[in-house]
Amino acid sequence: MDDIPFHAAHWLNTDRPLTLEDFPSRVLAVEVFQMLCPGCVLNGLPQAQRLAQTFDEKDLAVIGLHSVFEHHQGNSRESLAAFLHEWRIPFPVAIDMQGEGPLPRTMGAWGLQGTPSLVLFDRTGRMRARHFGQVADMALGAQVMGLIGEGEAG
Numbered sequence: 001m002d003d004i005p006f007h008a009a010h011w012l013n014t015d016r017p018l019t020l021e022d023f024p025s026r027v028l029a030v031e032v033f034q035m036l037c038p039g040c041v042l043n044g045l046p047q048a049q050r051l052a053q054t055f056d057e058k059d060l061a062v063i064g065l066h067s068v069f070e071h072h073q074g075n076s077r078e079s080l081a082a083f084l085h086e087w088r089i090p091f092p093v094a095i096d097m098q099g100e101g102p103l104p105r106t107m108g109a110w111g112l113q114g115t116p117s118l119v120l121f122d123r124t125g126r127m128r129a130r131h132f133g134q135v136a137d138m139a140l141g142a143q144v145m146g147l148i149g150e151g152e153a154g
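One point on numbering: in the UniProt record's numbering, the residue at position 117 of the sequence shown is 117, and numbering is uninterrupted.
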């Protein structure tokens, strides 16, 4: 498993911190978002919810990563908890740690450009895709199915 950790200050919608090892033998989709980002709210998070509803959880896990690089004062943990409740986001969400520069730590470590971003890890925990901006559902579904199928061939 690649050493690509989450640098999470806090977790919501879960009773404990999570790591890549918590998703053995499953493809992992990580929706990287900011709650004050229109593209995240209108496209990224709904797509992540569709992924979670479409694929069997034994094959695909979906989590969120709240990575704030602007409007810090409006992005408290309490505000995010209320946002997740109001938008009915059921999956675990990590709050990215502040980085030394303008990008949060996980976002910087993963080489992401901004939000929304969707990161896919294969069944072995290896990062296989980083999508910045909107991704077509059909293309994303095909990519996820390809990663799921890799584990079934063996």
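From the three backbone atoms N, C-alpha and C, an ideal C-beta is built for every residue, glycine too.
So is residue 159 buried or exposed if we call it buried at 16+ other beta carbons inside 10 Å? Absent from the model: residue 159. The displayed extent of the chain is 1 to 154, so no value can be given.
Output the residue ranges of the beta strand (DSSP E) runs that lie fully inside the stretch 41 to 115 and measure 3 residues or longer, sorted by chain position. 60 to 66, 93 to 96
Classify residue 138 as helix, strand or coil using the three-state DSSP reduction. helix
According to DSSP, simplified to helix, strand and coil, what is residue 145? helix
The ligand FMN and residue 46: does the residue's C-beta get closer than 7 Å to at least one heavy atom of that ligand? Ligands in the displayed structure: none, and consequently the ligand FMN is not present.
Pop quiz: residue 104 and residue 98 are said to be a contact at Cβ under 8 Å. What is the actual Cβ separation, rounded to whole angstroms? 6 Å
Mind checking residue 47: buried by the 16 CB within 10 Å criterion, or exposed? buried
Consult DSSP for residue 120 and reduce its assignment to one of helix, strand or coil. strand
Could you check which residue in 143, 85, 149 has the C-alpha nearest to that of residue 51? 143
Are residue 6 and residue 65 touching if we call contact CB-CB under 8 Å? yes
Label residue 2 either buried or exposed according to how many other C-beta atoms from any shown protein chain fall within 10 Å of its C-beta, with 16 as the threshold for buried. With a pLDDT of 48 at residue 2, under the threshold of 50, the modelled position of that residue is not reliable, and the figure given next carries that caveat. Exposed, because fewer than 16 other Cβ atoms sit within 10 Å of the Cβ of residue 2.
Reduced DSSP secondary structure (H/G/I, E/B, other) of residue 12: strand
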